[in-house]
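Chains as they are written, first to last, in this note's numbering: chain A, 44 to 267; chain B, 44 to 267; chain C, 44 to 267; chain D, 44 to 267.
Here's the structure we're looking at; comments come further down.
In structure tokens form, the structure reads like this:
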């Protein structure tokens, strides 16, 4: 690891304090960004659970992610933060608007805007939240998320979603280079295996986004 | 003006021929991009007609743009080109997702996704068309239009819409720097006055997009 | 024009005051962005003057733009603002890094990085200024200008350069959709004819960037 | 893993063949993108080796990456592919153009354009190569790399560089969402430990970029 003097604004923090992750947290310029917490990706009856990545991810979403995240979202809304749902879904009959590698996958999942597959998991969406549709893996790279956050005046982002070492990682990666101050809500994310989850937290926590728990985030929003 | 040798790929044409605007036109890698041809911007009962820019624009949309563009769209769909509707509309109750300068304007127009205000003018939309929502003036600068066109394999764009010297200009301007080969469908665009329209055609036609008529475009799609 | 209530944040002003263009001006989060004020574009012995657009533009640069802008730059540097020079220039022997439409033009001008053609006009550059190389017409669309300005903490941009209704317009157009609060330094810009200059000021002044003079900007930087 | 039918264009391949990674490889629309193979990041006397990540990375660069990559670059140049060096370096005295989290790090490394620190490792650069300067971690997210590749007509990218699970990963991640067909030159990349390298190859190889060796790439360029 680098000496403290060189990693002093790690995660694009304005005033980095290794002992206080929330030193300069301002809820009104923060957003919780949800990545693919939608039925085809994260519901036990969804496409992903049926054909690809199995029980661990879905069970973690149901038992850990949704209850923890619901508390974060409630606190965030109360504190005046923005909530943005990003979702991999198509607007074209043949899914030709989707990045080539993922096109057959999205089509097989029937993840068109308006379908159940593309809807947020129960308990996460509330009127007033924003929804952006992404055509690829990372939300910044494949939707207008950055433009929306700029207009909202957001400077700080907390990430939740699936899959931790795929779409969540790609979103946090791009957000880092865009200068956002970043947090990873560790217990609001899920990977395909527990090992992948641990590796992803370590990787993202390296310098991209500061790992925090949902409980810590709730306290920060309440204190803000 | 520049010598021919220096302007030989003007409008990002691959093989520029001053006598044949369609020398290398390939309908299957082309898209017609509509800019703000939606009710609040272009309908005679829409917000813009009521408070701001008056009769010329609305009448031109009704009498010239819609009939001419409908023919282009039919030919384009038959030829396998993509149709993308871009529209200035909000996804947030308070319109805070809109670029600051236009926020009050969009809110006063009640141009939320799902409202009549944000719907395409009658006669332009067909199932299979794509719709992108923009948060600002230019469609490339304020939506995910570029990502969608890349995924669709589009290299050539034909522009239609309002206002010629505002949102249409900004869209064609950004498309130029993105390397798209570009056409302006002159009689499928409208400005606030006839003088503004003429000036905008001259400006855009300078190097950004080749001015063509709807009738010429129809023939090109049919020949493609 | 729109009622005041609807154009109340025109030019992305945070607090728009029709009588005070500088109501919320903060020099330390401002940048002066120069567009193509480089030898091949704006010097009387440069390529552009030789082959294309003639005496008016070059004479205006020499007699009006450079002296006025030099005063703005001095005041801006004293006030802690950033200065960014953007320039259309190539980094490739065959200019294949340039947008197709402009490739032959840049090559004929011998506008490679390091050549006299690509250097700023005398009297404008000072150590500490930043330089970005653009591969197309608009500086946001064809360089990393936005990333640089974000990192610098810039929220307000003042534009100078050539050609007012081409590269300057395209830069201000994209900056608008990116949410920057914007000013056009009218007497620090030049077009090919006086008529084009007047039309461009009207067009850009419509909603993209607030037209101000160099003298007004100097006072604002000194007051800041 | 997904059924073949759903991962059939993995890595954005146009015609994915699990047994032939080079089925549709076209050298003239390909580029080798080098990430941070510059002295302060990868040389044994460079800043990174001195203060942060130690012997494994530097030794691997010297003994494995540079010799293997030099062969790839020679074959790529002969085949008409583009070579683009991307490097984390500053153009500002105070490094304020760098993304906040990395600013102190770049400044301590004295990685300004023109310094030895910011120069490519010996044996990698050749006249005719392109160089882009990045202000953050991922080359697409923090430089004009995408614009340059678009103008060059590049559709396929092969990645080399350091650090495999940081700047290389972020670059490949963004390139994926931009639709590039992607390869990871495994023995032309280095991480801080052998374990990190293996994990990064597995992560990137999951769907972002197809892992291949330098020897395989040389054969593909020679066959192209």
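Backbone N, C-alpha and C fix where the C-beta goes; we use that ideal spot for every residue, glycine too.
All values derive from a computational prediction rather than experimental measurement.
Could you check the C-alpha separation between residue 128 (chain B) and residue 165 (chain B) for me, to the nearest Å? Taking the second chain and counting its residues from 1, the one referred to as residue 128 (chain B) is at position 85. Taking the second chain and counting its residues from 1, the one referred to as residue 165 (chain B) is at position 122. A straight line joining the alpha-carbon of residue 128 (chain B) with that of residue 165 (chain B) spans about 13 Å.
Along chain B, in chain order, which residues have C-beta atoms closer than 8 Å to that of residue 193 (chain D)? Working through the fourth chain from its first residue, we reach residue 193 (chain D) at position 150. Simply 221 and 222.
Exposed unless 16 or more other CB atoms sit within 10 angstroms - verdict on residue 170 (chain B): Position 127 of the second chain, counted from the first residue, corresponds to residue 170 (chain B). Flag for residue 170 (chain B) reads exposed.
Taking only beta-carbon positions, decide if residue 127 (chain D) is within less than 8 Å of chain A. Position 84 of the fourth chain holds residue 127 (chain D). At least 8 Å separates the CB of residue 127 (chain D) from every CB of chain A.
Test item: CB-CB of residue 167 (chain A) and residue 216 (chain A) under 8 Å: Here residue 167 (chain A) corresponds to residue number 124 of the first chain, with the count starting at 1. Here residue 216 (chain A) corresponds to residue number 173 of the first chain, with the count starting at 1. Not in contact: residue 167 (chain A) and residue 216 (chain A) (Cβ atoms no closer than 8 Å).
Name the residues in the stretch 48-77 of chain D whose C-beta lies less than 8 Å from a C-beta of chain A; which are they? 48, 49, 50, 51, 52, 53, 54, 55, 56 and 57
Which bits of chain G does residue 188 (chain C) rub up against, with CB to CB less than 9 Å? The structure shown contains no chain G; the protein chains it does contain are A, B, C and D.
From D:221, D:82, D:197 and D:102, pick the residue whose C-alpha is nearest to that of residue 154 (chain D); which is it? Stepping through the fourth chain from its first residue, residue 154 (chain D) is reached at position 111. Measuring C-alpha to C-alpha distances from residue 154 (chain D) to each of D:221, D:82, D:197 and D:102 identifies D:82 as the nearest.
So, using beta-carbon positions, are residue 130 (chain C) and residue 197 (chain C) closer together than 8 Å? For the purposes of this step, residue 130 (chain C) is taken as residue 87 along the third chain, with counting starting at 1. For the purposes of this step, residue 197 (chain C) is taken as residue 154 along the third chain, with counting starting at 1. Not closer than 8 Å, so no.
Residue 288 (chain D): first and last residue of the uninterrupted alpha helix (DSSP H) it sits in: In this structure chain D extends from 44 to 267, so residue 288 (chain D) is not present and cannot be described.
For residue 90 (chain A), I'd like the list of residues in its chain whose CB is within less than 6 Å of its CB, leaving aside the five on either flank, ordered along the chain. Translated into positions along the first chain, residue 90 (chain A) becomes position 47. Cβ within range, chain order: 83 and 152.
Where does residue 221 (chain C) sit, in a helix, a strand or coil, going by DSSP? Numbered from 1 along the third chain, position 178 holds the residue referred to as residue 221 (chain C). Here residue 221 (chain C) sits in coil by DSSP.
Any contact between the stretch 60-76 of chain D and the stretch 247-264 of chain D? By contact I mean 3 or more CB pairs, one from each, below 8 Å. yes
Where residue 230 (chain A) sits in the DSSP three-state scheme: The count along the first chain starts at 1 and reaches residue 230 (chain A) at position 187. Three-state result, residue 230 (chain A): strand.
Taking residue 136 (chain D) as the query, report the chain A residues whose CB atoms sit under 7 Å from its CB, ordered along the chain. Walking along the fourth chain from the start, residue 136 (chain D) turns up at place 93. The premise fails here: residue 136 (chain D) is roughly 18 Å from chain A at the closest Cβ pair, so nothing lies under 7 Å.
Measuring only the C-alpha atoms, how far is residue 121 (chain D) from residue 54 (chain C)? Taking the fourth chain and counting its residues from 1, one reaches residue 121 (chain D) at position 78. Taking the third chain and counting its residues from 1, one reaches residue 54 (chain C) at position 11. Straight-line Cα distance between these residues: approximately 50 Å.
Span of the alpha helix (DSSP H) holding residue 91 (chain D)? Taking the fourth chain and counting its residues from 1, the one referred to as residue 91 (chain D) is at position 48. Looking at the DSSP string, the run of the alpha helix (DSSP H) that includes residue 91 (chain D) is 90-94.
Taking the alpha carbon of residue 159 (chain A) as the reference point, which residue from A:220, A:80, A:139 and A:95 has its own alpha carbon closest? For the purposes of this step, residue 159 (chain A) is taken as the residue at position 116 of the first chain. Looking at the Cα atoms, A:80 is the closest of the given residues.
Select from the stretch 173-185 of chain A all residues with a C-beta closer than 9 Å to any C-beta belonging to chain D, and list them in chain order. 177, 178, 179, 180, 181, 183, 184 and 185
Would you say residue 142 (chain C) lies against chain D (beta-carbon separation less than 8 Å)? Indexing the third chain from 1 puts residue 142 (chain C) at position 99. With 8 Å as the cut-off, residue 142 (chain C) counts as an interface residue toward chain D.
Considering only the beta carbon of each residue, do residue 101 (chain A) and residue 125 (chain A) sit closer than 8 Å? As a first step, residue 101 (chain A) is located in the first chain; it is residue number 58 there, counting from the start. As a first step, residue 125 (chain A) is located in the first chain; it is residue number 82 there, counting from the start. Cβ distance not < 8 Å, so residue 101 (chain A) and residue 125 (chain A) don't count as in contact.
Assign residue 194 (chain B) to buried or exposed, taking buried as 16 or more other Cβ atoms, counted over all protein chains shown, within 10 Å of its Cβ. Residue 194 (chain B) sits at position 151 when you count from the first residue of the second chain. Classification of residue 194 (chain B): buried, given that the 10 Å Cβ count is 16 or more.
So that I know if they touch, is there some Cβ in chain B lying closer than 8 Å to that of residue 241 (chain C)? Walking along the third chain from the start, residue 241 (chain C) turns up at place 198. So no, residue 241 (chain C) is outside the interface.
Where residue 76 (chain D) and residue 149 (chain A) are concerned, what is the direct C-alpha to C-alpha distance, given to the nearest angstrom? On the fourth chain, residue 76 (chain D) is found 33 positions in, with the first residue counted as 1. On the first chain, residue 149 (chain A) is found 106 positions in, with the first residue counted as 1. Straight-line Cα distance between these residues: approximately 29 Å.
For residue 99 (chain A), which beta-bridge partners are listed by DSSP? Locating residue 99 (chain A) in the first chain gives position 56, counting from the first residue. Residue 99 (chain A) pairs with nothing; no bridge assigned.
I'd like to know whether the C-beta of residue 123 (chain A) is nearer than 8 Å to at least one C-beta of chain B. Indexing the first chain from 1 puts residue 123 (chain A) at position 80. It does not; no Cβ of chain B falls within 8 Å.
Any Cβ of chain D within less than 8 Å of the Cβ of residue 98 (chain A)? As a first step, residue 98 (chain A) is located in the first chain; it is residue number 55 there, counting from the start. Chain D, which has no Cβ nearer than 8 Å to the Cβ of residue 98 (chain A), makes this no.
What residue from C:231, C:132, C:236 and C:111 has the CA that sits closest to residue 178 (chain C)'s CA? Stepping through the third chain from its first residue, residue 178 (chain C) is reached at position 135. Here the closest residue by C-alpha is C:132.
Exposure label - residue 265 (chain D); buried when at least 16 CB within 10 Å: On the fourth chain, position 222 is the one that residue 265 (chain D) refers to. Counting the other CB atoms within 10 Å of its CB gives residue 265 (chain D) a total below 16, which places it among the exposed residues.
Mapping the DSSP letters down to three states, classify residue 251 (chain D) as helix, strand or coil. Within the fourth chain, residue 251 (chain D) is the residue found at index 208, counting from 1. Residue 251 (chain D): coil per DSSP, three-state reduction.
Give me the Cα-Cα distance between residue 71 (chain D) and residue 228 (chain D), rounded to the nearest whole angstrom. The sequence position of residue 71 (chain D) within the fourth chain is 28, counting from 1. The sequence position of residue 228 (chain D) within the fourth chain is 185, counting from 1. Distance between the alpha carbons of residue 71 (chain D) and residue 228 (chain D): 18 Å.
Indicate whether the contact test is met: 3 or more Cβ pairs, each with one atom in the stretch 178-187 of chain C and one in the stretch 104-113 of chain B, closer than 8 Å. no
Contact check, residue 188 (chain A) vs residue 219 (chain A) under 8 Å by CB: the rounded distance? Residue 188 (chain A) sits at position 145 when you count from the first residue of the first chain. Residue 219 (chain A) sits at position 176 when you count from the first residue of the first chain. Contact doesn't hold; Cβ gap of about 14 Å is too wide.
Runs of 3 residues minimum, wholly inside the stretch 72-159 of chain B: which ones carry the beta strand (DSSP E) assignment? 73-78 and 125-131
What does the alpha-carbon distance come out to for the pair residue 221 (chain B) and residue 98 (chain C)? As a first step, residue 221 (chain B) is located in the second chain; it is residue number 178 there, counting from the start. As a first step, residue 98 (chain C) is located in the third chain; it is residue number 55 there, counting from the start. One alpha carbon belongs to residue 221 (chain B), the other to residue 98 (chain C), and they sit about 31 Å apart.
Indicate whether residue 201 (chain C) and residue 73 (chain C) have their beta-carbon atoms separated by less than 8 Å. For the purposes of this step, residue 201 (chain C) is identified with residue 158 of the third chain, where counting begins at 1. For the purposes of this step, residue 73 (chain C) is identified with residue 30 of the third chain, where counting begins at 1. Their beta carbons are under 8 Å apart, which means residue 201 (chain C) touches residue 73 (chain C) by this criterion.
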